[in-house]
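So the structure is just underneath, and the comments pick up after that.
Below, the structure is given as structure tokens:
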């Protein structure tokens, strides 16, 4: 079902009724500093998005909270009318305040407002995928997601959302969401140094559900590790390339959404993710997260 059919690293994965590239693009870094305000280089941001699509990427991740509205409006300006193959994932559950914070916004009326704002800023009649983001900036928090997720299910029944996912969630919240309605992906923090979801990834893979790691390169603080650097030197690559390649080899259901505001860096990420890691390389990298 998910055999590679593209020249991009990792091939493809089927999300619901859509087959998308496992190597995608995360648009968060296109906004200004701390994901607030417009980019310093507007034309450069448009160029990155167009380069991503030209390279064959069919999975773009965004949110109306980025900017706010900035990345969605850049995506619309750069790519609308969208290619039929393009799959745009967004998320709801938080707003932005004047200090750049991410206050939660999960009441039914908040979520309906956010979905309609995403529809408007992206210029679409239905959103391909909406992730229900839980927790806070520090990570997942325990508690029921039922009321919030059921609101998204209602919006899906109204034809405004095609597929549902969850983000920044505990294992228990994943199970709770799946008991309410089908999900196509889980989007959590995960990388070669942060391995809390190992068991969850394997269980989702067995059920044909994608896992989308955010901060695949460590977030605002890049990954630093002697083992990672050692493998990079051995292969003549950057540590970030090794981290991406490891994620693609970790499990077939992992979808990458590394972000960048540079077309050159985008190309480097694509090439780096296509590196083939040996058993020795993987063993060295496995030591980082344990």
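Residue numbers (the UniProt record's numbering): 1 to 290.
All C-beta atoms, glycine included, are put in the ideal place defined by N, C-alpha and C.
- Between residue 25 and residue 52, the C-beta gap is smaller than 8 Å, which places the two residues in contact.
- Distance from the CA atom of residue 267 to the CA atom of residue 176, rounded to whole angstroms, is 39 Å.
- Excluding five sequence positions before and after residue 34, the CB atoms of its chain that fall closer than 8 Å to its own CB belong to 100, given in chain order.
- With a minimum length of 4 residues, the unbroken runs of alpha helix (DSSP H) contained wholly in the segment 193 to 251 fall at 198 to 206, 226 to 235, 239 to 250.
- Counting of Cβ neighbours within 10 angstroms places residue 91 among the buried residues, the total reaching 16 or more.
- Taking residue 270 as the centre and dropping the five residues before and after it, the same chain places the C-beta of 8, 9, 23, 55 closer than 7 Å to its C-beta, in chain order.
- Nearest to residue 161 by C-alpha distance, out of 230, 142, 79, 181, is 181.
- Per DSSP, the continuous beta strand (DSSP E) segment holding residue 167 begins and ends at 161 to 167.
- In the three-state reduction of the DSSP assignment, residue 144 falls in the coil class, being assigned neither a helical nor a strand state.
- Here residue 19 has 12 as same chain residues with Cβ atoms under 6 Å from its own Cβ, once five neighbours each way along the sequence are excluded.
- Its chain contains 6, 8, 12, 56, 57, 58, 59 as the residues whose beta carbon lies nearer than 7 Å to that of residue 21, once the 5 sequence neighbours on both sides are disregarded; these appear in chain order.
- Taking a C-beta distance under 8 Å as the contact criterion, residue 152 and residue 184 do not qualify as a contact pair.
- Spanning the alpha carbons of residue 289 and residue 194 requires a straight line of approximately 6 Å.
- In the displayed model, residue 13 falls within a strand according to three-state DSSP.
- Judged by beta-carbon spacing, residue 260 lies within the 8 Å limit of residue 48, meaning their Cβ atoms are closer than that value.
- Taking 8 Å as the cut-off, the Cβ atoms of residue 283 and residue 251 do not count as close.
- Annotation for residue 92: the continuous beta strand (DSSP E) segment containing it runs 87 to 92.
- Residue 166 holds the alpha-carbon nearest to the alpha-carbon of residue 140 among 198, 70, 166, 157.
- With a threshold of 16 other beta carbon atoms within 10 Å, residue 287 falls short and is exposed.
- The secondary-structure analysis by DSSP pairs residue 187 across a beta bridge with 167, 212.
- In the three-state DSSP reduction, residue 101 falls in the coil class, being neither helix nor strand.
- Taking the CA atoms as reference points, residue 232 sits about 32 Å from residue 88.
- DSSP, reduced to helix, strand and coil, places residue 19 within a strand of the structure shown.
- If you look at residue 59, you'll find it in the beta strand (DSSP E) that goes 59 to 61.
- Each residue's CA atom was taken as its position, placing residue 277 and residue 227 some 13 Å apart.
- DSSP places residue 118 in the helix class (H, G or I) of the three-state scheme.
- By the Cβ neighbour-count rule, residue 93 is buried, with 16 or more other Cβ atoms within 10 Å of its own.
- Between residue 132 and residue 119, the CB-CB gap reaches or exceeds 8 Å.
- The beta carbon of residue 216 sits closer than 8 Å to the beta carbons of 190, 191, 243, 244, 247, 256, 257, 258 from its chain, once the five residues preceding and following it are set aside; these are given in chain order.
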